[in-house]
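Residue numbers (the working numbering): 42 to 386.
Here is the structure:
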């Protein structure tokens, strides 16, 4: 029975991986593969000094993640070096380029091999990190919604032809929908509690509570929060600095950068290898909402200069190179570290 269930899970995971790769190949070919010459020509117009700076910010976020991880590992009573921790984080990002969500596992197993720290303990620290990063993303989503609500509403009206609907009527419809939804949920609450989805949400909320409790008990909370803040600042700068890379985005400001950071974060959550396709699509939607370029959202292949498609491509490609470079260096460092520990033993 257990073997059957295990084989079923393996098949499901394999289907997920293959589906993700199929989606990635389709997106790359559809948008950029049909007319690669146009893309190559437009890439020559990019100011690459800003792309290099974006890559530096991205690499520094890896360092911050590695240093923050040490704080969590120390709280468990285990020790690892800064270079091994950063290397393991880098290997995790590198793995995510090929297999969605596998980076966390490879990150733990890498440090297990180099420093002999139990994988289950390491995975517990990653769950805490996930809780904090999720909370941070929610905060940024709310902040971006407040700052960019006008742009979002305007885009919805333009692209779904809601401009003709009276504002008061649309508000009444939304309010009525929320009330009816609330009544339905209340009446079906006992059935909803039995659903697997409800159990997952309930477990996730419990995990959030446990994560924050663990942080309260941490000795070096200040350092943990410092690295957390630094990680998100680096993520913001990765996108924001690239605004200067092409003329059409050079006028965008801090609030625009925050808006695209949130959309990019949501795009990366979608299980596609390295966020390929999902990240591009979310940033395209965001840029069109910011009227870059002026006009309507296009889902046509890249056959003429389109900054709303070019910008996500250069930002994502730059960070993919960061993952490859940092991951390759990390693999080499951990390999050497593992051999040294074996010789010492």
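Note that the Cβ used here is the ideal one computed from N, Cα and C, for glycine as well.
These figures come from a predicted structure and were not determined experimentally.
Mapping DSSP to helix, strand and coil, what is residue i?
i: residue 291; result: coil
i: residue 109; result: helix
i: residue 333; result: coil
i: residue 145; result: helix
i: residue 87; result: coil
i: residue 243; result: helix
i: residue 138; result: coil
i: residue 122; result: coil
i: residue 360; result: helix
i: residue 259; result: coil
i: residue 117; result: coil
i: residue 317; result: coil
i: residue 157; result: coil
i: residue 307; result: helix
i: residue 231; result: helix
i: residue 191; result: helix
i: residue 79; result: helix
Quick one: Cα of residue i to Cα of residue j, how far?
i: residue 273; j: residue 101; result: 11 Å
i: residue 290; j: residue 178; result: 23 Å
i: residue 180; j: residue 153; result: 33 Å
i: residue 103; j: residue 351; result: 25 Å
i: residue 283; j: residue 363; result: 15 Å
i: residue 295; j: residue 280; result: 10 Å
i: residue 137; j: residue 357; result: 14 Å
i: residue 301; j: residue 95; result: 15 Å
i: residue 331; j: residue 78; result: 27 Å
i: residue 327; j: residue 135; result: 26 Å
i: residue 148; j: residue 133; result: 5 Å
i: residue 311; j: residue 173; result: 18 Å
i: residue 123; j: residue 162; result: 18 Å
i: residue 164; j: residue 151; result: 12 Å
Quick check on the burial criterion: 16 or more other C-beta atoms within 10 angstroms. Buried or exposed for residue i?
i: residue 125; result: buried
i: residue 159; result: exposed
i: residue 373; result: exposed
i: residue 189; result: buried
i: residue 377; result: exposed
i: residue 28; result: What the structure shows of the chain is the stretch from 42 to 386, and residue 28 is not part of that stretch, so it cannot be assessed.
i: residue 361; result: buried
i: residue 243; result: exposed
i: residue 139; result: exposed
i: residue 105; result: buried
i: residue 263; result: exposed
i: residue 388; result: Residue 388 is absent from the model: the chain starts at 42 and stops at 386.
i: residue 321; result: buried
i: residue 186; result: exposed
i: residue 118; result: exposed
Counting along the chain, where does the alpha helix (DSSP H) carrying residue i start and finish?
i: residue 270; result: 262-281
i: residue 162; result: 160-188
Select from the options the residue whose C-alpha is nearest the C-alpha of residue i.
i: residue 375; options: 131, 329, 175, 98; result: 131
i: residue 166; options: 110, 318, 361; result: 110
i: residue 306; options: 93, 353, 330, 143; result: 353
i: residue 277; options: 92, 82, 348, 99; result: 99
i: residue 141; options: 323, 369, 325, 318; result: 318
i: residue 81; options: 355, 187, 311, 366; result: 355
i: residue 107; options: 143, 182, 267; result: 267
i: residue 115; options: 265, 237, 191, 136; result: 265
i: residue 91; options: 303, 347, 287; result: 287
i: residue 368; options: 144, 119, 161, 84; result: 144
i: residue 297; options: 260, 184, 259; result: 184
i: residue 269; options: 324, 187, 170; result: 170
i: residue 315; options: 349, 348, 359; result: 359
Quick one: does residue i have its CB under 8 Å from some CB of chain D?
i: residue 379; result: Here chain D cannot be found, since the structure has a single protein chain.
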